Amino acid sequence: MAKLWNNYRYLILRRIVQISLLVLYFGGNAWGWKILRGDLSASKMFNMIPMSDPYAVLQMLAAGAVISADLLLGAAIATLFYMLIGGRAFCSWVCPINMVTDAASYARRVLQIDNIKGTRQPASRNIRYWVLILSLIVSAIMGLAAFEFISPISMVVRGLVFGIGFGWAAVVVIFLFDLLVLKNGWCGHVCPLGGFYSLIGKFSFIRVHHNEANCTACMKCKVVCPESQVLYMVGKESLPVLSGECTNCARCIEVCDDDALGFSIKSLIKK
Amino acid sequence: MEKEQGSDRRKFILDMARGVGIAALGGFVWSAFIDEAKASQLLLRPPGALKENDFLRTCIKCGLCVEACPYDTLMLARPGDHRPLGTPFFLPRDVPCYMCPDIPCVPVCPSGALDKKSVSTEGHLNIKSAQMGLAVVDQESCIAFWGIQCDACYRACPILGEAITIEYSKNERTGKHAFMVPIVHSGACTGCGLCEHACVTQKASIHILPREVAMGKAGDHYIKGWDKKDEKRLENAKEIKTTTEISKKSAVDSLNSGMKDLY
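From first to last, the protein sequence lines are chains A and B. In terms of the numbering used here, the first sequence opens at residue 1 and continues consecutively. In terms of the numbering used here, the second sequence opens at residue 1 and continues consecutively.
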């Protein structure tokens, strides 16, 4: 039990948050629960507080839509939350695709795919920013929110709440892509929503902090980290993880047996 | 050292060109897919929906209208439905719109893709002003046009007597019966689909089409001179001047040159 707590507390908490959100959305549609209605694109909390996906609203702006006050307010609430508090927490605490890609990356470790010689990562993690820019250009040209039209994230959430159709295929494709083609391929390389929250999350106050004095350089953290480039300082310097690409998933904190990683609040004054 | 710098620059330029190339290819495929996917026109939207193009760019696909619908009329398009993904629509033969007086699906829309104003008259919600589609009768398969008495659609219509009326005419085949056929009036029909739902034929002989698809447009060249309201359209009409010069000579000559000029 103590081991479970030590090694998996954040993982369990994340799964609880991710699944409860889906259950609340599902209940909102199926049984008329009023806690959370809609889906991850836009929703209403307690029939009062609007929330909307700021990236979707940005695409709609690019497409030339008139944005309603409700959507603007909702996008502002989400943006402020992730900008000030959560960082890129959407990706690891909310998005259901995270469960799929985590499963794929776990399967890669079990099958030791990463250890096969000659398999190097052939793609840049900056692809997501290109896709982000491209999505806005395509939105402007086609006159609708382009990524929302193909997003497997919205497809799966909508599918689970309103009926999935062939949406499950998106889950299978992403799993296989991450398993066989590219390690952390979808969430860590391609997904423009992840790129969007990487840019916003740069500023948040909750940060993973590395304490070099305790580190034994076992590198377990880098093995589990889906964005391992953000942990460049491990074993070298005591620093907070300041890159916006860190999803605050806290897997590194759990796997560290030496208390060299933990959450901290970013200090306002630079030392 | 100098040589290395040069190759760095070459690599940088090549990388950028690659990025642009891949982005162009991706953007092209992406746009083509969207263009195909949004091309489907035979789609009935909830009441108060903006024009299809504006609707597609404004709807955020949250499904709040679907949740608000008490009859489970509205659905969100799923992958495999061959409709713009995630947008709300309904199939009246399965579940029509029951035209709730308080139109619960419209005020919940957070994006304004369902516009309250377009289903309001004098500041009050009025479902009768909705324009979801238009009922169209297939006279070949409608049994009322065969002479069999059926007024299922007429009875089902929530705006009975305005949106659908029954017209009488003599059945010359039997000589002693009447045709009682349904006639749809586009000015009153909201496209709720209760008629399509009620139609007794195997496949509905009255069905709802989007108004854009079902309706023609006479244009400004044709005005109902006997209708004061319609005549007002003339006020906006612009004068059109043609620049073709009419030759007076050939008009006169054609009368004197035999049949030659006529052909």
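Where a beta carbon is used, it is the ideal one built from N, C-alpha and C, also for glycine. Just so we're clear, the structure is a prediction, and the values are computed from it rather than from any experiment.
Query raised in the report: Between A/Ser105 and B/Pro158, what straight-line distance do the alpha-carbon atoms span, to the nearest angstrom?
Result: The alpha-carbon atoms of A/Ser105 and B/Pro158 are separated by roughly 57 Å.
Query raised in the report: Where does A/Lys270 sit, in a helix, a strand or coil, going by DSSP?
Result: Low local confidence applies: a pLDDT of 49 at A/Lys270 is under 50, so the model's placement there is unreliable, and no value is given.
Query raised in the report: What in chain A is Cβ-close to B/Ser31, meaning under 7 Å?
Result: Ordered by position in chain A, the residues that pass the 7 Å Cβ test against B/Ser31 are Val138, Ile141, Met142.
Query raised in the report: Apart from the five residues just before and just after A/Arg251, which ones in its own chain have a Cβ nearer than 6 Å to its Cβ?
Result: Excluding its 5 nearest sequence neighbours in each direction, A/Arg251 has C-beta neighbours in its own chain below 6 Å: Val224, listed in chain order.
Query raised in the report: Can at least three beta-carbon pairs, one atom from the region 244-263 of chain A and one from the region 198-210 of chain A, be found at a separation below 8 Å?
Result: Touching, yes, given that three or more Cβ pairs across the two stretches are closer than 8 Å.
**Report entry** 8 Å Cβ shell around B/Cys62 - same chain, five flanking residues per side excluded
**Finding:** Within the same chain, B/Cys62 has close Cβ partners Pro110, Ser111.
Requested in this report: Sort A/Thr79, A/Phe162, A/Ser135 by Cα distance to A/Phe149 and report the nearest one.
Outcome: Selected option, being the one with the closest Cα: A/Ser135.
Query - Chain-ordered chain A contacts of B/Val66 [CB-CB under 8 Å] - result: For B/Val66, the chain A residues whose C-beta falls within less than 8 Å of its own C-beta are Asn29, Phe162, listed in chain order.
Query - Proximal residues of chain B, C-beta to C-beta of A/Ser43 below 7 Å - result: Ordered by position in chain B, the residues that pass the 7 Å Cβ test against A/Ser43 are Cys62.
Query raised in the report: What did DSSP end up calling A/Phe263 once you bin it into helix, strand or coil?
Result: If DSSP states are grouped into helix, strand and coil, A/Phe263 belongs with the strands.
Query - B/His185, enclosing alpha helix (DSSP H) - first and last residue - result: DSSP places B/His185 outside any alpha helix (DSSP H), giving it a letter other than H or E.
Query raised in the report: Just to confirm, are A/Met99 and A/Gln18 a CB contact at a threshold of 8 Å?
Result: Closer than 8 Å, so yes.
Query raised in the report: Quick one: what's B/Val181 bridged to in DSSP?
Result: Checking the DSSP bridge columns, you'll see B/Val181 partnered with B/Glu167.
Query raised in the report: Cα separation between A/Val23 and A/Met83?
Result: If you draw a straight line from the Cα of A/Val23 to the Cα of A/Met83, it comes to about 26 Å.
Query raised in the report: So, do the region 71-79 of chain B and the region 129-149 of chain B have three or more beta carbon pairs nearer to each other than 8 Å?
Result: With fewer than three CB-CB distances shorter than 8 Å, the region 71-79 of chain B does not count as touching the region 129-149 of chain B.
Report task. Can you tell me which of B/Met132, B/Lys217, B/Val66, B/Leu91 puts its alpha carbon nearest to the alpha carbon of B/Pro107? Result -> It is B/Val66.
Query raised in the report: B/Ser129 CB to nearest chain A CB: under 8 Å?
Result: No, no contact with chain A.
Report task. Grab the span of the alpha helix (DSSP H) containing A/Ala170 for me, first residue to last. Result -> Unbroken alpha helix (DSSP H) run through A/Ala170: 168-176.
Query raised in the report: Can the beta-carbon of B/Gln131 be found less than 8 Å from the beta-carbon of B/Arg211?
Result: Contact: yes.
**Report entry** Rounded distance between the beta-carbons of A/Val131 and A/Gly195, thought under 8 Å
**Finding:** The Cβ separation is near 7 Å, so the contact holds.
Query raised in the report: Between which two residues does the beta strand (DSSP E) containing B/Val137 stretch?
Result: Note, B/Val137: beta strand (DSSP E), 134-137.
Query raised in the report: Can you find a CB in chain A that lies within less than 8 Å of the CB of B/Gly21?
Result: False, the Cβ-Cβ gap to chain A never drops below 8 Å.
Requested in this report: Determine whether the Cβ of B/Ala204 lies closer than 8 Å to any Cβ atom of chain A.
Outcome: Closer than 8 Å: no.
Query raised in the report: Roughly how many whole angstroms lie between the Cα atoms of A/Phe205 and B/Leu25?
Result: Answer to the nearest angstrom: the Cα atoms are 39 Å apart.
Report task. Pull up the DSSP beta-bridge partners for B/Leu76, would you. Result -> Residue pairing by DSSP places B/Leu76 opposite B/Pro88 in a beta bridge.
Query raised in the report: To the nearest angstrom, how far is it from the Cα of B/Phe179 to the Cα of A/Phe166?
Result: Near 47 Å, if we compare the C-alpha coordinates of A/Phe166 and B/Phe179.
Query raised in the report: For B/His124, which beta-bridge partners are listed by DSSP?
Result: Per the DSSP secondary-structure output, B/His124 pairs in a beta bridge with B/Thr121.
**Report entry** Proximity to B/Thr87 [Cα-Cα], best of B/Glu196, B/Cys199, B/Pro46
**Finding:** It is B/Pro46.
Query raised in the report: With 16 as the cutoff for other CB atoms within 10 Å, does B/Glu2 come out buried or exposed?
Result: With a pLDDT of only 48 at B/Glu2, under the threshold of 50, the placement of this residue in the model should not be trusted; the figure read from the coordinates follows. A residue is called buried once 16 or more other Cβ atoms fall within 10 Å of its Cβ, and B/Glu2, having fewer, is exposed.
Query raised in the report: Rounded to a whole number of angstroms, what is the C-alpha to C-alpha distance between B/Thr201 and B/Gly216?
Result: Roughly 27 Å between the two C-alpha positions.
Query raised in the report: By the criterion of Cβ-Cβ separation under 9 Å, what are the contact partners of B/Arg78 in chain A?
Result: Those are Met155, Arg158, Gly159, Phe162, Gly163, Ile164, Gly165, Phe166, Gly167, listed as they occur along chain A.
Query raised in the report: How do the region 182-198 of chain B and the region 28-43 of chain B stand: do at least 3 beta-carbon pairs fall below 8 Å, yes or no?
Result: No, they do not touch.
Query raised in the report: Distance, Cα to Cα, A/Leu180 vs A/Ala146?
Result: Their Cα atoms are separated by approximately 27 Å.
**Report entry** Contact set between A/Asp70 and chain B, taken where Cβ atoms lie within less than 9 Å
**Finding:** Close to A/Asp70, with beta-carbon spacing below 9 Å, are these residues of chain B in chain order: Cys109, Pro110, Ser111, Gly112.
Requested in this report: Let me know if A/Ser20 comes out buried or exposed under the rule of 16 or more other beta-carbons within 10 Å of its beta-carbon.
Outcome: It counts as exposed.
Query - Outcome for A/Met60 when other beta-carbon atoms lying within 10 angstroms are tallied against a minimum of 16 - result: Buried, because 16 or more other Cβ atoms sit within 10 Å of the Cβ of A/Met60.
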